[in-house]
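Engineer: Using my numbering, the letters of the sequence shown correspond one by one to residues 10 to 237.
Ideal Cβ placement from N, Cα and C applies to all residues, glycine included.
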Amino acid sequence: MDIYLTNLTTSDRLQFPMLPPEVSVKIAHQFATYSILRIGEVKIPSGTSADSFSWSGILPGAARRNDPYIRAWKDPKAVYNWLNGLKVVNDKPIKARLLITETPVNCDVYLSNFTATPTGGYGDINYTITLVQARDIIIRKSDKTAMPVPLKNAPPAENAERTSPPPAQTYTVKKGDCLWSIAQQMGLGGANYAKLYDANKGVIDPRNQQHSMPKYTIYPGQVLTIPS
10 MDIYLTNLTT SDRLQFPMLP PEVSVKIAHQ FATYSILRIG EVKIPSGTSA
60 DSFSWSGILP GAARRNDPYI RAWKDPKAVY NWLNGLKVVN DKPIKARLLI
110 TETPVNCDVY LSNFTATPTG GYGDINYTIT LVQARDIIIR KSDKTAMPVP
160 LKNAPPAENA ERTSPPPAQT YTVKKGDCLW SIAQQMGLGG ANYAKLYDAN
210 KGVIDPRNQQ HSMPKYTIYP GQVLTIPS
């Protein structure tokens, strides 16, 4: 299991050098703490969305770079500067993508809080971080057209030609997509990703059916129907 954070503006990717002992997930108005080193999976109940992810960890100094529990060592000051690069710039937040491998967590986030404290000895930096899910506001313009004035000798309305219903909206899956992010992009709201699954059961690959919360796998290039 590893934790990655990708700056979606620069495409730079950070792998956290040490796993924290636990990750706290805020779902709606409830808090759940997961020890990712023990259970190995964060289960998000169907019909809800995770509002935020937070944890405390260590950026190990050079004296510990070769220790067996180090995932991918990087100078702690460089990691500190990288994370600071996600802070708001000119009132505009920087969007990133959080990925925790071996779990369903793979979604766009903003940096809400990051604090760091250098420590002595090994040259470590202790830190705490909070990431909130990125929620884009979609504004739709209403299509207000003038009602046509009926002609004096117009045929009865029931004999008028019927218009065909608009074609169903579709979405082509891209690398890094998940059902939550697609539902959010297409205006359904991330919390309603179950509706997206129900409309595409024929093409989405269900995995781990023995669990109460199966993982649903999608692949780049798949065309999903967006429910109305």
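Which one or two residues does DSSP pair with G94 in a beta bridge?
Structural biologist: DSSP lists no partner for G94.
Engineer: Hey, D117 and K104: beta-carbon distance below 8 Å or not?
Structural biologist: Yes, Cβ-Cβ distance for D117 and K104 is below 8 Å.
Engineer: Determine the closest residue to L237 out of D207, L92 and Y228, with distance taken between C-alpha atoms.
Structural biologist: It should be noted that the sequence gives Ser, not Leu, for residue 237. Out of D207, L92 and Y228, D207 has the C-alpha closest to the C-alpha of S237.
Engineer: What's the gap between the Cα of W64 and the Cα of P175?
Structural biologist: Straight-line Cα distance between these residues: approximately 46 Å.
Engineer: Look up V88 in the DSSP assignment and say whether it is helix, strand or coil.
Structural biologist: In the structure shown, V88 sits in a helix (DSSP, three-state: H, G or I).
Engineer: From this set, N122, G132 and P29, which residue's C-alpha is nearest R74's C-alpha?
Structural biologist: With distances taken between Cα atoms, R74 lies closest to G132.
Engineer: Expressed to the nearest angstrom, what Euclidean distance is found between the alpha-carbon atoms of N115 and K101?
Structural biologist: If you take the alpha carbons of N115 and K101, they lie about 22 Å apart.
Engineer: Is Q194 helix, strand or coil when you go by DSSP?
Structural biologist: Reduced to three states, the DSSP call for Q194 is helix.
Engineer: In its own chain, which residues sit with a C-beta less than 7 Å from the C-beta of C187, not counting the 5 before and 5 after it?
Structural biologist: Result list for C187: N115 and C116, in chain order.
Engineer: By the 10 Å Cβ neighbour count, where 16 or more other Cβ atoms means buried, how is A143 classified, buried or exposed?
Structural biologist: Label assigned to A143: buried.
Engineer: Out of V34, Q231 and S190, point me to the one whose CA is closest to I213's CA.
Structural biologist: Closest by alpha carbon: Q231.
Engineer: Taking all protein chains shown into account, decide if Y202 is buried (16 or more other Cβ within 10 angstroms of its Cβ) or exposed.
Structural biologist: With 16 or more other Cβ atoms within 10 Å, it is buried.
Engineer: In whole angstroms, give me the CA-to-CA distance for I67 and P127.
Structural biologist: Computed Cα separation, rounded: 10 Å.
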